[in-house]
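2 protein chains.
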Amino acid sequence: MAKVFNFGAGPAMLPESVMQQIREEWLDFSGMGVSIIEISHRAKEFEQVLLKAQDDFRKLTNLPENYKILFIHGGARMQFSALPLNLARRSESKKCLYVETGNFAKLANKDAAAFCDVKVIASSADTNYDRIPEITPEMVDQDAAYLHITTNNTIYGSRYNSFPETGAVPLIADQTSEILSRVVDYSKFGCIYAGLQKNLGPSGTAIVVIREDLLGQAAEKTPTLLNYTQADKDNSLTNTANTFAIYTTGLVLQWLLDQGGVAAIEKQNEAKAKVLYDLIDSSDYFRGVILPEFRGTMNVSFNLPTAELEAQFLKEAGAANLYALKGHRSVGGIRASIYNAMPMAGVEALANFMQDFAKKNS
Amino acid sequence: MAKVFNFGAGPAMLPESVMQQIREEWLDFSGMGVSIIEISHRAKEFEQVLLKAQDDFRKLTNLPENYKILFIHGGARMQFSALPLNLARRSESKKCLYVETGNFAKLANKDAAAFCDVKVIASSADTNYDRIPEITPEMVDQDAAYLHITTNNTIYGSRYNSFPETGAVPLIADQTSEILSRVVDYSKFGCIYAGLQKNLGPSGTAIVVIREDLLGQAAEKTPTLLNYTQADKDNSLTNTANTFAIYTTGLVLQWLLDQGGVAAIEKQNEAKAKVLYDLIDSSDYFRGVILPEFRGTMNVSFNLPTAELEAQFLKEAGAANLYALKGHRSVGGIRASIYNAMPMAGVEALANFMQDFAKKNS
């Protein structure tokens, strides 16, 4: 079978060695004679998996002691509702600040609006999300419960390359499409969360990292499983957790440690993104979607001269085993998601394909 | 490796052929060169998986056309909150009726109480959940939004062997530990739901089957992903679904069809339970937890003469490759969960072990 490179935005490719390990121990986890997905979430063998995943995440992020690591059902989108339910009461008027830098940032405040008074303090919608808007300290109302940002825009590829100063207002970050892709100082955030299905594991669950002083303030009408305080009390086992997702995430975290940690993977990510952006910048054929200073390293979105050429590009790329390069249904174009697990070889294969395609179709 | 029989209550064993198939196609789903967990929930290949799972569930249950099949994050426990959020407004006073037949039935009304006026109309708590209480038509207030029952008690092993008449009040059933284990007339229910992790697949997600006239009434403050109307509109893809859970459930449903469907598996389940209950009933050594007329076929809970003998039984059973027979932490004793996937050979191995143990330790 020819090697397929998978550029899907998520659920995304996982490290090859992790996928192999899952396959190898699929029918016999840890010598138990049964699969990891067939044991109780309260079995000591699963508890070890959970604790090790939390420990390894803490190591990888240099996470301060006063932050809790939770696994919450439903991916990042469920947290769009859970965040105001858990935190809006911090503000007397339930005012929660949001920045709109793309579709998911917009959905975050749309879902939140049922539970708090949403105030959008900045947006890059009028320039089609080609940048991260500037957020000055004066824009951050100090009576707000929190300020919510989406640090990496999966669809457009933009990224906060510096974070806003928020004073006493906790900064909350959806890091779904870039978590553990670069060194981040978690102590600057009240809460960071991410759906697992891009840089960490399979879909259906989110990791939520929250400063402990932000717990204990959930609204009375918070569904039990969306209550972060309850999740912390039960160490994410209030009910049957998504055991497969936590197990797989644990393997990915161990793989990251084996790669040398986040600083090491960050260098690789920068090198990978540079290959594609250098090609785009030196070409008249490909046009990047994002202004250079706001580019991230995870999602490289670009256009070809015409929609017809983009369709042809996607078709030929698929035939060349370069999978899932189609841009998000809301914007079209081409998007190469090159998360931690994407090897440089995949990026180089894509770059070669792009150059050949441009030559043949100019 | 010696064959291990897994009697865990959930996450539980899955059919051996399903586990083998997952392993075989783990790195290459449907010739795509990538894993099922590495493709988009919006890829046509995953859409086919989802639609086939829904079709097969419909076939297996003879589900009437006016019922929708949803996959909702968080397992059955999340629905404990979602149900009143989606349905309580049907009653002017938001009155919702509950029957307490065990721990999960109790949690269902505990979680619901934040969103509705819970009225417990019957309970078997005072006889330690050894039975299903009688529910007469007069007990079902006709101004209630719904009546909620837990059709099979995972911890004690009791089961509704007939269902209450509820008049115009929709009957809602948590079928987590027995779904598709016996023929049930779904047209008698407004909604049936189940966490996947016992009879259907891995943990983290629930299947929710709901009559379409019950949609469209969710409370304004319903988290987007707990809104059944939204889930129906988006065919369970409002956000990234737990693709692995839906895929695996699809394989289990196909396996069930291959076994001859629910009527065929029901016969096998009755035969399996009979082996254990006949042994218990003919013995002075083992004591069943549930009154015979309320026994189900999925969870067989019993005691030995002393707690010391139970501890010894569990230890020796483990050494004999009979795994996870310990009763729930809230009650102790022995529990053999013998879901659809447990072969008769496993039940016979357990019965032989029980007889030998009783002989040696009387």
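In order, the protein sequences belong to chains D and S. FYI, the numbering for the first sequence is 19 to 380, going by the numbering used here. FYI, the numbering for the second sequence is 19 to 380, going by the numbering used here. We put the CB at the ideal spot given by N, CA and C, even for glycine.
Boundaries (first-last residue) of the alpha helix (DSSP H) holding D192 (chain D): From DSSP, D192 (chain D) is part of no alpha helix (DSSP H) but of the beta strand (DSSP E) over 189-192.
For L125 (chain S), I'd like the list of residues in its chain whose CB is within less than 8 Å of its CB, leaving aside the five on either flank, ordered along the chain. R95, F98
Residue closest to A342 (chain D), alpha-carbon to alpha-carbon, out of S:M50, S:A30, S:R229, S:D46: S:M50
For Q215 (chain D), which residues in chain S fall below 7 Å Cβ to Cβ? T258
8 Å Cβ shell around S35 (chain S) - same chain, five flanking residues per side excluded: W273
Rounded C-alpha distance that separates K162 (chain S) from A30 (chain S): The residue you asked about is not Lys; residue 162 (chain S) is Ala in the sequence shown. Using only the alpha carbons, I get a separation of about 35 Å.
Just to make sure I have the definition right: I need the residues of chain D whose C-beta is within less than 9 Å of the C-beta of P361 (chain S). Which are they? Simply none; closest approach about 14 Å.
From the beta carbon of H166 (chain D), is the nearest beta carbon of chain S less than 8 Å away? no
Residue range of the alpha helix (DSSP H) that includes G320 (chain S): According to the sequence shown, residue 320 (chain S) is Phe rather than Gly. Taken as a continuous stretch (DSSP letters only), F320 (chain S) belongs to no alpha helix (DSSP H), being part of the beta strand (DSSP E) at 317-321.
Can you pull out the residues from the region 259-286 of chain S whose beta carbon lies closer than 7 Å to at least one beta carbon of chain D? A259, N260, T261, F262, A263
What residues in its chain sit with their C-beta under 6 Å from that of T79 (chain D), if we drop five residues either side in the sequence? When the five nearest sequence neighbours on each side are left out, the beta carbons in the same chain lying within less than 6 Å of the beta carbon of T79 (chain D) are those of Y204, in order along the chain.
Measuring alpha carbon to alpha carbon, tell me which residue in S:A329, S:K285, S:N245 is nearest A236 (chain S). S:N245
Would you kindly work out how many angstroms separate the C-alpha atoms of A132 (chain D) and E238 (chain S), rounded to a whole number? Going by C-alpha positions, A132 (chain D) is about 7 Å away from E238 (chain S).
Indicate whether the contact test is met: 3 or more Cβ pairs, each with one atom in the region 168-185 of chain D and one in the region 315-332 of chain D, closer than 8 Å. The region 168-185 of chain D is in contact with the region 315-332 of chain D.
Taking CB distances under 8 Å as the criterion, tell me whether P220 (chain S) reaches chain D. yes
Three-state class that DSSP yields for A224 (chain S) in the structure shown: strand
Taking 8 Å as the CB-CB cut-off, is T79 (chain S) touching chain D? no
Chain S within 8 Å of D129 (chain D), Cβ atoms only: yes
Run through the region 55-139 of chain S for me and flag every whole beta strand (DSSP E) of 3 or more residues, listed as ranges in chain order. 85-91, 113-118
Report the neighbours of P29 (chain D) on chain S: residues whose CB is nearer than 8 Å to its CB, in chain order. I55, E56, I57, S58, H59, T258, T261
How big is the Cα-Cα spacing for E63 (chain S) and L45 (chain S)? Those two C-alpha atoms are separated by around 15 Å.
Quick one: using the 10 Å Cβ neighbour count with 16 as the cut-off for buried, is N24 (chain S) buried or exposed? buried
In the DSSP assignment, the beta strand (DSSP E) including T168 (chain S) goes from what residue to what residue? 164-168
Quick check: what's the CA-CA separation for S301 (chain D) versus K216 (chain D)? 29 Å
Which of the three DSSP states, helix, strand or coil, is assigned to I264 (chain S)? helix
If I measure Cβ to Cβ from E334 (chain D) and keep anything under 7 Å in the same chain, skipping five residues before and after, which residues do I get? Sequence-distant partners of E334 (chain D) (beyond 5 residues in either direction) whose C-beta falls short of 7 Å from its own C-beta, in its chain, are F375.
Cβ-Cβ distance between I87 (chain D) and A100 (chain D) below 8 Å: no
Could you tell me if T154 (chain S) is buried or exposed, where buried requires 16 or more neighbouring beta carbons within 10 angstroms of its beta carbon? exposed
Proximity of F262 (chain S) and F47 (chain D) at Cβ, strictly below 8 Å: no
Using only alpha-carbon positions, find the residue among D:E110, D:Y357, D:V202, D:E288 that is nearest to R76 (chain D). D:V202
Do E328 (chain S) and I352 (chain S) count as a contact pair if the criterion is CB distance below 8 Å? yes
For a cutoff of 8 Å on Cβ pairs, would you count P33 (chain S) as touching chain D? no
I want to see whether chain S comes within less than 8 Å of Y357 (chain D), judged by CB atoms only; does it? no
Span of the beta strand (DSSP E) holding G364 (chain D)? Per DSSP, G364 (chain D) belongs to no beta strand (DSSP E); it is in the alpha helix (DSSP H), 362-378.
Neighbourhood of L68 (chain S) by C-beta, 6 Å cutoff - its chain only, sequence neighbours within 5 removed: I264
Counting along the chain, where does the beta strand (DSSP E) carrying Y211 (chain D) start and finish? 209-213
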